[in-house]
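Under my numbering, the letters of the first sequence match residues 35 to 473, in that order. Where is the CB? At the ideal position from N, CA and C, for every residue including glycine. What follows is a single structure, written as structure tokens, with notes after it.
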Amino acid sequence: MSKDKSAKVATPQPVRGTQDMLGDFADRFSHVVDTFDRVRRLYGYKRVEVPVIEPTAVFARSLGETTDVVSKEMYSFDDRGGESITLRPEFTAGIARAYITNGWQQFAPLKVATHGPLFRYERPQKGRYRQFHQLDAEVLGSDSPLADAELLVFADQLLKELGIAEGVTLTLNTLGDAASRDAWRTALVDHFEAHRGDLSEDSLARLDKNPMRILDSKDPRDRLIADSAPDIDAFLTGEAQDFFCAVTAGLDAAGVAWERNARLVRGLDYYRHTAFEFVTDRLGAQGTVLGGGRYDGLIEALGGPSTPAVGWAAGIERLAMLVGPQNWDHLPELILIPDDPEDLATAQMLLRFLRRGGIRADMGFSGSSKKRYEKARRGQGHRALTVSSTLTSGAIVVRIRDLMDGAPPVRKRLRELLATSFELQEDNETREFTLRPLT
RNA sequence: GCGAUCAUAGCUCAGUUGGUUAGAGCGCCGGUUUGUGGUACCGGAGGUCGCGGGUUCGAGCCCCGUUGAUCGCCCCA
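Structure, rendered in structure tokens:
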């Protein structure tokens, strides 16, 4: 560390919209991932890994004509060979590409799950970053509503096991099959055209680009018009109706609570039938905790065979924000405190011994006995273990001292572990062990 | 891309209508006290007040610009 101020070096700032995690939040983050990985095994979803980078065409083609998304909100660049590369903004398109290029049709229906970083070039705000992380689950190659239902039951169990189901609602809609969807869309456009004069400016723009989005507009001027717009129900074909009924019947059978939200839509054309979001009001404007739907048209749009598929994704950061205080129990059970600088080597020996024996133990890198004890007191561990070597007798004396109330017991395990390598003398009054190496 | 708010020590913040050497708590370092050891005390290091201009005798404070953060809008795969 230089103190020379004239030689000050400017520290590079983190890339906008990226974040560093330490301690509690990092623990929550990995807790979410661990829970997901455990639950997805229960449901028989195979782990899949796909690249972080893909040719831009993978996403441009799958995202189709929503030009805003493709042109402004993807992290794209040309590589040295001049090929346009994009940092994946979602998992689905990459998995669909892998499904085609690896011939995974042979495994259909294929249930897969993954998680990792995604990138979107957006303005950061609460629960929204340029590099963010998602959990993802997909069923490729099944047109059965049972697949939709299973994914939702899976999602529901995940949220419950994370302990965040409270205040989170599953909202569900159907977009019908292609015929239903087209008919509904036409009716919506007619309806909004009739009220053109009363719509907000934003919604006027949506009318041309993405009329269904007017349905979930937040502008009060749009609400009346949107609320009086026709539901899709009147336009559903018999098949589409049956499909939706089968999904909801599956949810009811599994005991998963859901709410119909006839205003829930998807911007992209390849979505069919089921669309769903688990929403909460605890995350400001970014209320969706987990969302997905059926995308029967996607794989074909990427040049593959016509393949039905359904899936969901969930933001890990958002889930981590909702996870309540946990008893992570990462604190060391014992903090070793050498009584005297002379005892350092003995403490190091014991530290390794304890750790190899499965006891979480730690020792500060510096400080006097007193300062070490003070630091340990400040909530850094469950108990202190002072170490002093009695030079004359060749014995080691260690003493347990409680640092926190209610810490889980360790003394019995400590005794058993020490007994494997030392001749033990224990003083229950002072909670002191005298150790002599077994010979 | 648009709007609002904010930016002072490692962290959380205070800083009076512009007025001398910019403060506190926590943390860090050193010491005293204690010693079946803890919440005490003393001392110390650490800040070009985000950055760049401007107004003024004088700017942490006012004005403009810029960068970044936060929250929201657009978008949301």
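Exercise. At what residues does the beta strand (DSSP E) containing residue 7 begin and finish?
Worked result: As displayed, the chain neither begins before 35 nor continues past 473, which places residue 7 out of reach and without an answer.
Problem set entry | Start-to-end residues for the alpha helix (DSSP H) that takes in residue 282 | As a position in the first sequence, residue 282 is number 248, starting the count at 1. Segment 272–288, the alpha helix (DSSP H) holding residue 282.
For this session: Would you kindly report the start and end of the unbroken beta strand (DSSP E) that includes residue 7?
Result: The chain is shown only over 35 to 473; residue 7 falls outside these bounds and no answer can be derived.
Exercise. DSSP on residue 226, reduced to helix/strand/coil?
Worked result: Residue mapping note: residue 226 aligns to position 192 of the first sequence, counting from 1. Note: residue 226 maps to helix in three-state DSSP.
For this session: Could you check how far apart the C-beta atoms of residue 369 and residue 415 are, in whole angstroms? I think they sit under 8 Å.
Result: Taking the first sequence and counting its residues from 1, the one referred to as residue 369 is at position 335. Taking the first sequence and counting its residues from 1, the one referred to as residue 415 is at position 381. Taking 8 Å as the upper bound for CB-CB distance, residue 369 and residue 415 are in contact here, some 4 Å apart.
Problem set entry | Start and end residues, alpha helix (DSSP H) containing residue 382 | In the first sequence, residue 382 corresponds to position 348, counting from 1. 378–390 is the extent of the alpha helix (DSSP H) around residue 382.
For this session: Check whether the Cβ atoms of residue 161 and residue 355 sit closer than 9 Å, and answer yes or no.
Result: Here residue 161 refers to the residue found at position 127 when the first sequence is read from its first residue. Here residue 355 refers to the residue found at position 321 when the first sequence is read from its first residue. Yes; because the gap between Cβ atoms is below 9 Å, this pair is in contact.
For this session: Quick one: grab the DSSP three-state call for residue 405.
Result: Here the question's residue 405 lines up with position 371 in the first sequence. If DSSP states are grouped into helix, strand and coil, residue 405 belongs with the helices.
Exercise. Of all the options 284, 146 and 130, which has the alpha carbon lying nearest to the alpha carbon of residue 76?
Worked result: For the purposes of this step, residue 76 is taken as residue 42 along the first sequence, with counting starting at 1. Looking from the CA of residue 76, the closest CA among 284, 146 and 130 belongs to 146.
For this session: Taking residue 95 as part of the alpha helix (DSSP H), name the residues at either end of that continuous run.
Result: What you label residue 95 is simply residue 61 of the first sequence in a count that begins at 1. It spans 90–97 - the alpha helix (DSSP H) in which residue 95 sits, taken as one unbroken run.
Problem set entry | Contact set for residue 237: own chain, Cβ-Cβ below 6 Å, skip 5 residues either direction | Position 203 of the first sequence, counting from 1, holds the residue named residue 237. Here the set comprises 248, 251 and 256.
Problem set entry | Within 9 Å, strictly: CB atoms of residue 328 and residue 205 | Residue mapping note: residue 328 aligns to position 294 of the first sequence, counting from 1. Residue mapping note: residue 205 aligns to position 171 of the first sequence, counting from 1. For residue 328 and residue 205, no; Cβs fall outside 9 Å.
Problem set entry | Rounded straight-line distance, which links the Cα of residue 364 to that of residue 396 | In the first sequence, counting from the first residue as 1, residue 396 sits at position 362. In the first sequence, counting from the first residue as 1, residue 364 sits at position 330. Their backbone Cα atoms lie some 11 Å apart in a straight line.
Exercise. Around the Cβ of residue 347, are there at least 16 other Cβ atoms within 10 angstroms (buried) or fewer (exposed)?
Worked result: Indexing the first sequence from 1 puts residue 347 at position 313. Buried.
Problem set entry | Buried or exposed (CB count within 10 angstroms, at least 16 for buried), residue 41 | Taking the first sequence and counting its residues from 1, one reaches residue 41 at position 7. Since pLDDT at residue 41 reaches only 42, below the 50 mark, its modelled position is unreliable, and no value is offered.
Problem set entry | Distance between beta carbons of residue 69 and residue 185, contact taken as under 8 Å | Start at 1 with the first residue of the first sequence, and residue 185 comes out as number 151. Start at 1 with the first residue of the first sequence, and residue 69 comes out as number 35. Wrong, their Cβ atoms sit about 17 Å apart, outside the cutoff.
For this session: Quick one: using the 10 Å Cβ neighbour count with 16 as the cut-off for buried, is residue 118 buried or exposed?
Result: For the purposes of this step, residue 118 is taken as the residue at position 84 of the first sequence. With fewer than 16 other Cβ atoms within 10 Å, it is exposed.
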